[in-house]
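As they're listed, the protein sequences go chains B and C. First residue of the first sequence: 181, per the numbering used here; consecutive thereafter. First residue of the second sequence: 34, per the numbering used here; consecutive thereafter. Just so you know, even glycine gets a beta-carbon here, dropped at the ideal spot from N, CA and C.
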Amino acid sequence: MTILPFLVITFGAGAASLLTRRNGPLSTAIGIGGLAAAVIAAGMITADDGLPMGGAELIGSAYLRLFVLFGSIVALLLAVLGLATTSHRYTPGVLLGGIGAAGLALAMPDARIAVIAATAGGLLGILVTIVPPATARGVVVAGRELRALAIAGVLAILAAAWIARPLEALAAEPAVFGLAYLGFAIAVAIRFGAIPFHFWAARLADAAPEVTLPMLMAWSPAAFAVVALAWADQSVAPLILPLGVERSLIVAVGVVSVILGSLAAWIQDDLEHVVGYTIIADAGIAILGLAALNPAAWEPARTWVIVFVMVRSAFAAWAVAVRGAFGTRRIAQLNGWVLRAPVLAVSFGLIVIAAVSWPGLVGWESRATLIDLTLDGPFLALVTAGVLMQIVVFGRLLYVGLSRPSQAVAGGLSERPLWPGSIPARPMVGRTGTERAFERTSHALRAGLDIARVVPAALRENSTLIAALLVLVLSGLSLGVASGGLGVPEAARAVPGQEPGPGPVESEPPPSESPPSEPPATATPPTETGSPSASGSPLPVGSAAPGPSASAPPSP
Amino acid sequence: MNLALAGLACVVVAGAVVAVSAREARAALLGLLVALLGASLVADPLPGPLPIAARLASAFLACRLIAVVIRDLDEPTSGSRLGWPVEALAAAAAAVIGFGTHGLGAPGEGPAEAQAAGFAVGVLAASPIVSSRDVFRLGIGAILLLLGGLLVRQGLGGTPSELEQLVTSGLVVGLGGAVGVIIAGARAAVGSLVVSDRPARDAPREGRHLRP
Numbered sequence: 181m182t183i184l185p186f187l188v189i190t191f192g193a194g195a196a197s198l199l200t201r202r203n204g205p206l207s208t209a210i211g212i213g214g215l216a217a218a219v220i221a222a223g224m225i226t227a228d229d230g231l232p233m234g235g236a237e238l239i240g241s242a243y244l245r246l247f248v249l250f251g252s253i254v255a256l257l258l259a260v261l262g263l264a265t266t267s268h269r270y271t272p273g274v275l276l277g278g279i280g281a282a283g284l285a286l287a288m289p290d291a292r293i294a295v296i297a298a299t300a301g302g303l304l305g306i307l308v309t310i311v312p313p314a315t316a317r318g319v320v321v322a323g324r325e326l327r328a329l330a331i332a333g334v335l336a337i338l339a340a341a342w343i344a345r346p347l348e349a350l351a352a353e354p355a356v357f358g359l360a361y362l363g364f365a366i367a368v369a370i371r372f373g374a375i376p377f378h379f380w381a382a383r384l385a386d387a388a389p390e391v392t393l394p395m396l397m398a399w400s401p402a403a404f405a406v407v408a409l410a411w412a413d414q415s416v417a418p419l420i421l422p423l424g425v426e427r428s429l430i431v432a433v434g435v436v437s438v439i440l441g442s443l444a445a446w447i448q449d450d451l452e453h454v455v456g457y458t459i460i461a462d463a464g465i466a467i468l469g470l471a472a473l474n475p476a477a478w479e480p481a482r483t484w485v486i487v488f489v490m491v492r493s494a495f496a497a498w499a500v501a502v503r504g505a506f507g508t509r510r511i512a513q514l515n516g517w518v519l520r521a522p523v524l525a526v527s528f529g530l531i532v533i534a535a536v537s538w539p540g541l542v543g544w545e546s547r548a549t550l551i552d553l554t555l556d557g558p559f560l561a562l563v564t565a566g567v568l569m570q571i572v573v574f575g576r577l578l579y580v581g582l583s584r585p586s587q588a589v590a591g592g593l594s595e596r597p598l599w600p601g602s603i604p605a606r607p608m609v610g611r612t613g614t615e616r617a618f619e620r621t622s623h624a625l626r627a628g629l630d631i632a633r634v635v636p637a638a639l640r641e642n643s644t645l646i647a648a649l650l651v652l653v654l655s656g657l658s659l660g661v662a663s664g665g666l667g668v669p670e671a672a673r674a675v676p677g678q679e680p681g682p683g684p685v686e687s688e689p690p691p692s693e694s695p696p697s698e699p700p701a702t703a704t705p706p707t708e709t710g711s712p713s714a715s716g717s718p719l720p721v722g723s724a725a726p727g728p729s730a731s732a733p734p735s736p
Numbered sequence: 034m035n036l037a038l039a040g041l042a043c044v045v046v047a048g049a050v051v052a053v054s055a056r057e058a059r060a061a062l063l064g065l066l067v068a069l070l071g072a073s074l075v076a077d078p079l080p081g082p083l084p085i086a087a088r089l090a091s092a093f094l095a096c097r098l099i100a101v102v103i104r105d106l107d108e109p110t111s112g113s114r115l116g117w118p119v120e121a122l123a124a125a126a127a128a129v130i131g132f133g134t135h136g137l138g139a140p141g142e143g144p145a146e147a148q149a150a151g152f153a154v155g156v157l158a159a160s161p162i163v164s165s166r167d168v169f170r171l172g173i174g175a176i177l178l179l180l181g182g183l184l185v186r187q188g189l190g191g192t193p194s195e196l197e198q199l200v201t202s203g204l205v206v207g208l209g210g211a212v213g214v215i216i217a218g219a220r221a222a223v224g225s226l227v228v229s230d231r232p233a234r235d236a237p238r239e240g241r242h243l244r245p
């Protein structure tokens, strides 16, 4: 039941914000207020809290709570950041709808419904892709986005529907599961804009408002990926099928995305493009998590998804603040930004630490585990090099920032606090104690009014400082997540309740029959309550139909 | 074979053929509306009245959102390069394949007619999705592609739950809104439905048809 307020707030306020878009201040106020309320509602979601609805059920989980809580916080900070820098009238409504759709998708145990919700959520991005005044380029990008969403959506819908029922003899055919698995994985890759499906995503940074990029390129696809991870873990992984070709293809997409994404981020001159390609590179690691098909990948994959969307959101926010301060996104024109914007420099440092991290931090460990589970030999070295290449990307930005200030930076806005005007001095003229007491009260009230009058101007003049502080908060939060705080690993480890439904039958295999060279077929991550489920039912339970069982897996 | 379902499936496919073939935007939109309305009923057992109402309302709303932005459109859409007879034949062939492979290797829990219609609609959506720079046709293709997927899902997994119907309704409305926004953007940006960020030499090809 606790998921319901969150959904009502996000969808209700999102719709209201979009419907009142012609009245900018009202629309923004509704959007910001809705996002603030969504943060509170997200924090109140409890694990294993079911809400029967229309023949299905919405189930809360600790992971869902953290995902939508962080998503709401990020969306709120980005919306406010948009006010301080540059934004679009649809932004708060789209952010609300996007995080609401993500929450709805993650609350559904049935992947067939979840992918529809995740696809519908992605459509909201098209609203902000065409920024008035509309341009041909914006329309083309929006068209590509629509095409990508439709293809990814239909692939996922078909994949989920194909094997979510009793399959009888067909269940012994690895090709069926392989095709479904490959289709769903490609759908995830398309949604992330992973290479080679990056054509629409690469241009998104040119068209969509900067503050919406994290939602369009990271949060919304991440919810789709989490649905895919759960689906693969429950429906495909336990069968220990020989899916070598399919896994190789998915691994190839992940590897290429990590390496080429990092390389592209290195050579780009536009900050938003750098942000976009680093998101694609990190998404490659998430795709490797999908390729692992191993219970050991469950926790690191889900942890990595939250870590990378948080870190890249902070990086995107930093880029927005830099543009707001210096009026340019071109790295070549940002010489000396570190000296001119020290708060942003501190934020940048936190982002670098969170993005690169080091052994022992959750961000590093989850990424390393996913790479180890899917790669070996030269590919492992290549991907590791691709991951570490972001040091070069960040190093380039730092080098530029420490150079002699460029014209754009020197003429940009400072982070120094400013106060427009001064409060007039009011001398005391009263003679008696009573008169002076009244006079002091009057002066205090007038001073308060004077301050209230200049607050809007003060906010405008300090927009750079405010933006920098918002980025600082976001980067600190991302570092907290990347270092393992805030309960992310624990939430990622747990498995939400499974909905009884159709699907390949599960059976209890004798442990001795598991092939020693493969991960144990029946080992699943611990349940939401924390109790380990050594043999639990990784498949949708409740089916009486015959099907492949983990006790008699086809020979790999 | 259930004749009523087969008839509904034919209506859906016919609507989709009109949607991808007609050069008059309003006629194409009407075809899309017919396909969307019919698709919600190609199920056995039929959904309850509320889910049907939600699906019907979403179909009307989605088409309304598109209709608003083509209200004063005086140019034809690119239409199908192949012409409607070819599109219809391709759809019929796909429908036969879909009907014959009902369940895709295992017994389907829904009607074979839904899968047949899904295959046909999916095939019809392929051309505008893959090749069109006409944003109206692209939008029609995107909606039909997802509609085809949902129909195949109905054929494989049976009648969706009420919640799934509700979420599907949201998806349909979202698609209509997204397509409407893109069409409005195209008309505002270039005053036409055909938009390209490539050199102008590509543009005339869009309207070229194999048949006069």
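Taking residue i and residue j to be in contact with their CB atoms under 8 Å, please state how far apart those CB atoms are, rounded to whole angstroms.
i      : j      : result
B:V436 : B:A662 : Contact doesn't hold; Cβ gap of about 24 Å is too wide.
C:T192 : C:P82  : With 8 Å as the limit, C:T192 and C:P82 do not qualify as a contact, their Cβ atoms being about 13 Å apart.
B:V454 : B:A463 : Not a contact, Cβ separation roughly 15 Å.
B:R520 : B:S594 : 7 Å
C:A55  : C:A49  : Going by Cβ atoms, the distance from C:A55 to C:A49 rounds to 11 Å, so no, they are not a contact pair.
B:V274 : B:T392 : 6 Å
C:L184 : C:A150 : 5 Å
B:P354 : B:L421 : 4 Å
B:L555 : B:V567 : Not a contact, Cβ separation roughly 11 Å.
Apart from the five residues just before and just after residue i, which ones in its own chain have a Cβ nearer than 7 Å to its Cβ?
i      : result
C:D167 : T110, S111, L226, V227 and E239
C:A87  : Q198, L199 and S202
B:L284 : L187 and A297
Pull up the distance between the alpha-carbon of residue i and that of residue j, whole angstroms please.
i      : j      : result
B:L578 : B:A339 : 45 Å
B:L139 : C:A147 : One cannot answer for residue 139 of chain B here, as it falls past the ends of chain B, which runs 181 to 736.
B:G363 : B:N642 : 49 Å
B:P289 : B:A344 : 12 Å
B:P232 : B:L238 : 6 Å
C:V156 : B:V675 : 38 Å
B:W484 : B:A472 : 14 Å
B:E619 : B:P604 : 15 Å
B:L451 : B:F574 : 11 Å
B:A398 : B:F372 : 7 Å
B:P272 : C:G40  : 45 Å
B:R292 : B:A236 : 11 Å
B:R616 : B:G601 : 27 Å
Please work out which residues of its chain come closer than 6 Å, Cβ to Cβ, to residue i, disregarding the five sequence neighbours upstream and downstream, and give them in chain order.
i      : result
B:T177 : It is not possible to answer for residue 177 of chain B, since the shown part of chain B is limited to 181 through 736.
C:G174 : A158, P161 and I162
B:L740 : There is no way to answer for residue 740 of chain B, as the model of chain B reaches only from 181 to 736.
C:P84  : E195 and Q198
C:A123 : V156
Of all the CB atoms in chain B, is at least one closer than 8 Å to the CB of residue i?
i      : result
C:S259 : Residue numbering for chain C in the displayed model covers 34 to 245; residue 259 of chain C lies beyond these limits and cannot be assessed.
C:P144 : no
C:V119 : no
C:R59  : no
C:V227 : no
C:V185 : yes
C:A37  : no
Taking 8 Å as the threshold (beta carbon to beta carbon), is residue i in contact with chain C?
i      : result
B:E390 : no
B:E452 : no
B:T299 : yes
B:V320 : yes
B:E479 : no
B:E679 : Confidence at B:E679 is low in this model, with a pLDDT of 42, below 50, so its placement is unreliable and no value can be given for it.
Please go through the same chain and pick out, in chain order, the residues whose beta-carbon is closer than 8 Å to the beta-carbon of residue i, but skip the five residues on each side of it.
i      : result
B:L246 : I486, L666, G667, V668 and A671
C:G210 : A95 and L98
Is the closest heavy atom of the ligand MG to the C-beta of residue i under 7 Å?
i      : result
B:M224 : For the structure depicted, the ligand MG is absent and the ligand set is empty, with no information on it obtainable.
**Message:** Closer than 8 Å is the cut-off here; do at least three beta carbon pairs connect the segment 320–335 of chain B with the segment 175–195 of chain C?
**Reply:** yes
**Prompt:** Is there contact here, the segment 63–72 of chain C with the segment 91–106 of chain C, by at least three beta-carbon pairs under 8 Å?
**Reply:** yes
**Message:** Within 8 Å, do at least three Cβ pairs link the segment 475–484 of chain B to the segment 397–413 of chain B?
**Reply:** yes
**Request:** Kindly confirm or deny that the segment 401–411 of chain B and the segment 366–383 of chain B touch, where touching means at least three C-beta pairs closer than 8 Å.
**Result:** yes
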